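Asks:
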Amino acid sequence: MKNRLRELRADNNWSQAALADQLGVSRQTVNAIETGKYDPSLPLAFKLARLFEKPIEEIFDAEG
Amino acid sequence: MNKSNTTESVILFSGHYDWRKDFRLSLWLLLAASSYGAGQTWLRGNADADLYLRLAVGLFPLLPLLLYGRSWMRFVRSLDELQRRMQLEVWLLASLGTLMTGAVIAVLNTNGVPLGVFSHGLGIGGAFFIMMGLWTVGSIVAIRRYR
Numbered sequence: 000m001k002n003r004l005r006e007l008r009a010d011n012n013w014s015q016a017a018l019a020d021q022l023g024v025s026r027q028t029v030n031a032i033e034t035g036k037y038d039p040s041l042p043l044a045f046k047l048a049r050l051f052e053k054p055i056e057e058i059f060d061a062e063g
Numbered sequence: 000m001n002k003s004n005t006t007e008s009v010i011l012f013s014g015h016y017d018w019r020k021d022f023r024l025s026l027w028l029l030l031a032a033s034s035y036g037a038g039q040t041w042l043r044g045n046a047d048a049d050l051y052l053r054l055a056v057g058l059f060p061l062l063p064l065l066l067y068g069r070s071w072m073r074f075v076r077s078l079d080e081l082q083r084r085m086q087l088e089v090w091l092l093a094s095l096g097t098l099m100t101g102a103v104i105a106v107l108n109t110n111g112v113p114l115g116v117f118s119h120g121l122g123i124g125g126a127f128f129i130m131m132g133l134w135t136v137g138s139i140v141a142i143r144r145y146r
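For the record, the sequence lines run as chains A and B. Residue numbers for the first sequence, in numbering that gives the first Met the number 0: 0 to 63. Residue numbers for the second sequence, in numbering that gives the first Met the number 0: 0 to 146.
1) Of all the residues that make up the stretch 7-18 of chain A, which are near chain B by a beta-carbon distance shorter than 8 Å?
2) Between R71 of chain B and L24 of chain B, which are expected to be in contact by the criterion C-beta below 8 Å, what is the C-beta distance as a whole number of angstroms?
3) Where does D47 of chain B sit, in a helix, a strand or coil, going by DSSP?
4) With which residues is D60 of chain A paired in a DSSP beta bridge?
5) Skipping 5 residues on each side, what residues in its chain have a beta carbon closer than 7 Å to that of G57 of chain B?
6) If you run the structure through DSSP and keep just helix, strand and coil, what is N4 of chain B?
7) Assign M99 of chain B to buried or exposed, taking buried as 16 or more other Cβ atoms, counted over all protein chains shown, within 10 Å of its Cβ.
8) Could you tell me the distance, in whole angstroms, from the CA atom of V75 of chain B to the CA atom of D60 of chain A?
9) Looking only at its chain, what residues have a beta carbon closer than 6 Å to the beta carbon of A105 of chain B, apart from the 5 residues adjacent to it on each side?
10) May I ask you to report which of helix, strand or coil DSSP gives G68 of chain B?
11) Tell me whether G120 of chain B sits in a helix, a strand or coil according to DSSP, three-state version.
12) Is the Cβ of Y51 of chain B closer than 9 Å to any Cβ of chain A?
13) Three-state secondary structure (DSSP) at L78 of chain B?
14) Rounded to whole angstroms, what's the CA-CA distance from T40 of chain B to L54 of chain B? Just pull it up for me.
15) Return the residues of the stretch 73-106 of chain B that lie within a Cβ-Cβ distance of less than 7 Å from chain A, sorted by chain order.
16) On the CB-based measure, 16 or more other CB atoms within 10 Å of its CB, does S14 of chain A come out buried or exposed?
17) Rounded to whole angstroms, what is the Cα-Cα separation between N45 of chain B and Y51 of chain B?
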């Protein structure tokens with residue numbers, strides 16, 4: 000599943016560690032999501048959506 | 000927001016090793032290993048002791064081992080979702096690897112192949128050593144994969 004996490008994080012000038020801290024996950028988790036090695040759970044996807052104030056479909060592309 | 004624990008915090012030389020976390024996790028293991036060693040020494044020197052006392056001494060290390068399992072469950076619960084998935088895969092590898100090693104040793108023993116210290120099977124010490132070895136290797140691979 001493709002996502003725009005890296006782009007959105009860069010827009011906010013956040014490091015992976017800073018984003019991980021806000022989500023309550025490890026930096027490796029943020030990196031694994033960004034590189035497409037790991038698809039987050041639904042609760043974590045909602046947390047991301049709330050944090051970036053965007054609908055989930057704007058962050059994740061299920062077709063990708 | 001609380002920072003999530005990571006597998007790296009309990010792996011030596013990982014760059015993020017935290018001896019306090021490792022100590023909290025491994026304390027009961029140290030107690031299990033030392034009570035096992037002391038118990039075996041006592042059993043060798045007291046072959047004529049009461050059967051129930053011998054059984055109690057022989058089985059006592061299972062109690063700290065059980066508490067070691069509880070420490071692990073607490074540690075795994077403190078991990079985030081990716082780290083938990085990594086641990087699930089790594090423990091599966093370690094358990095299956097140990098089971099298969101034990102089965103191979105049993106087959107070799109049954110067919111008279113000389114195996115030295117394993118001539119009476121893998122034993123609890125051997126099983127634990129192999130399991131933790133596989134856990135360490137599997138964890139390092141998983142950490143590198145998601146670095």
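In this text, a Cβ means the ideal position worked out from N, Cα and C, and glycines have one as well. Since the model is a prediction, treat every value here as computed from it, not as a measurement.
Replies: Based on what the coordinates show:
1) Against chain B - using a Cβ distance shorter than 8 Å - the stretch 7-18 of chain A contributes no residues.
2) If you number the second sequence from 1, residue 71 of chain B lands on position 72. If you number the second sequence from 1, residue 24 of chain B lands on position 25. The question names Arg, but residue 71 of chain B in the sequence shown is Trp. Confirmed, about 7 Å.
3) Indexing the second sequence from 1 puts residue 47 of chain B at position 48. Of the three classes helix, strand and coil, the one that applies to D47 of chain B here is coil, per DSSP.
4) Working through the first sequence from its first residue, we reach residue 60 of chain A at position 61. Paired residue(s): A:K1.
5) For the purposes of this step, residue 57 of chain B is identified with residue 58 of the second sequence, where counting begins at 1. Excluding sequence neighbours, G57 of chain B sits near G38, L42.
6) Counting from one through the second sequence, the residue named residue 4 of chain B turns up at place 5. Assignment of N4 of chain B by DSSP, reduced to helix, strand and coil, places it in the strand class.
7) Counting from one through the second sequence, the residue named residue 99 of chain B turns up at place 100. Around the beta carbon of M99 of chain B, a 10 Å sphere encloses fewer than 16 other beta carbons of the protein chains shown; the residue is thus reported as exposed.
8) Residue numbering aside, residue 75 of chain B sits at position 76 when the second sequence is read from its first letter. Residue numbering aside, residue 60 of chain A sits at position 61 when the first sequence is read from its first letter. Roughly 30 Å separates the two Cα atoms.
9) As a first step, residue 105 of chain B must be located in the second sequence, where it is residue number 106. Excluding positions up to five away in sequence, the list is empty.
10) Stepping through the second sequence from its first residue, residue 68 of chain B is reached at position 69. It is helical.
11) Position 121 of the second sequence holds residue 120 of chain B. The three-state reading of DSSP puts G120 of chain B in strand, counting E and B together.
12) The residue you call residue 51 of chain B lines up with position 52 of the second sequence. Cβ-Cβ to chain A under 9 Å: no for Y51 of chain B.
13) Reading the second sequence from its first residue, position 79 is the one you call residue 78 of chain B. It is a strand residue.
14) Along the second sequence, read from residue 1 onward, the residue named residue 40 of chain B stands at position 41. Along the second sequence, read from residue 1 onward, the residue named residue 54 of chain B stands at position 55. In this structure, the alpha-carbon of T40 of chain B lies about 14 Å from that of L54 of chain B.
15) Hits within the stretch, in order: D79, E80, L81, Q82.
16) Here residue 14 of chain A corresponds to residue number 15 of the first sequence, with the count starting at 1. Exposed, since its Cβ has fewer than 16 Cβ neighbours within 10 Å.
17) Translated into positions along the second sequence, residue 45 of chain B becomes position 46. Translated into positions along the second sequence, residue 51 of chain B becomes position 52. A direct Cα-Cα distance of roughly 13 Å separates N45 of chain B from Y51 of chain B.
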